[in-house]
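Residue 271 is where the sequence shown ends in our numbering, and the numbering goes up by one at each step.
Virtual Cβ for every residue (Gly too), placed ideally from N, Cα, C.
The block underneath contains the structure these notes are about, expressed in structure tokens.
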Amino acid sequence: GNDRLIRIGSRFYLARSVTILFSCLVAFLVFYWARKLYSFIPAVFSLLLYVLDPNIIAHSQLVTTDLYVTGSIAFAFFRLWKFANDRSWQNGLWCAFALGVSQLAKYTAIVLFPLFLIALLAFDLSKWGREARGNESVGILTLRYVKISAVAALVSIIVINAGFLFNRTFTPFGEFTFRSKVF
89 GNDRLIRIGS
99 RFYLARSVTI
109 LFSCLVAFLV
119 FYWARKLYSF
129 IPAVFSLLLY
139 VLDPNIIAHS
149 QLVTTDLYVT
159 GSIAFAFFRL
169 WKFANDRSWQ
179 NGLWCAFALG
189 VSQLAKYTAI
199 VLFPLFLIAL
209 LAFDLSKWGR
219 EARGNESVGI
229 LTLRYVKISA
239 VAALVSIIVI
249 NAGFLFNRTF
259 TPFGEFTFRS
269 KVF
């Protein structure tokens, strides 16, 4: 009777503790990124906005995917910001890894693929007018984006498959049943 309830309660406590810990990591990311962008005082204000948000308070103690997808998307956009400002292979691979991890958190994060491409393109176009990039042809820019997209897709697919322990990795696409007619 009571022993069984204690075991069940301790499992829920453990699961909730992991979610709370993850929420703390997201809070640290919010603070760290805001400090990199603006300085200490705005970072503290950003952190306060995060920790006092009723949705964050509520979801930080629930065992659902909502906070995990929020944190993984925030981390993915942080890595995209790093990659946009420094186009090293290391930053690119971290960005693709974070993109893959966000797909593991919740399948609706698939919208990040076109969003990342649009955000990176907007970032580059805003810099194009300010810098001497006018002599760079559209073909070279397109080829660069095709390479970036291919690497991001490949790394994301590897991360997703690793997250699912490579279960049904080489199953033909037609054998899957999808819940959404769009996807």
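From the DSSP output, in three-state form, read off residue i for me.
i      : result
Ser127 : coil
Thr153 : coil
Lys215 : helix
Arg256 : coil
Ala220 : Unreliable placement is indicated for Ala220, whose pLDDT of 49 sits below 50; no coordinate value is reported for it.
Arg175 : coil
Thr158 : helix
Phe264 : coil
Looking at residue j and residue i, is the spacing between their C-beta atoms short of 7 Å?
i      : j      : result
Ala240 : Ala184 : yes
Ala162 : Leu213 : no
Ala131 : Ala122 : yes
Ile108 : Ser148 : yes
Leu140 : Phe119 : no
Thr153 : Lys215 : no
Leu192 : Gly251 : yes
Leu155 : Ser190 : no
Ala210 : Val151 : no
Tyr138 : Ile144 : yes
Check the C-beta distance from residue i over to residue j and give it rounded, since I have them as a contact under 8 Å.
i      : j      : result
Leu187 : Ser244 : 5 Å
Phe166 : Gly180 : About 14 Å; that fails the 8 Å criterion.
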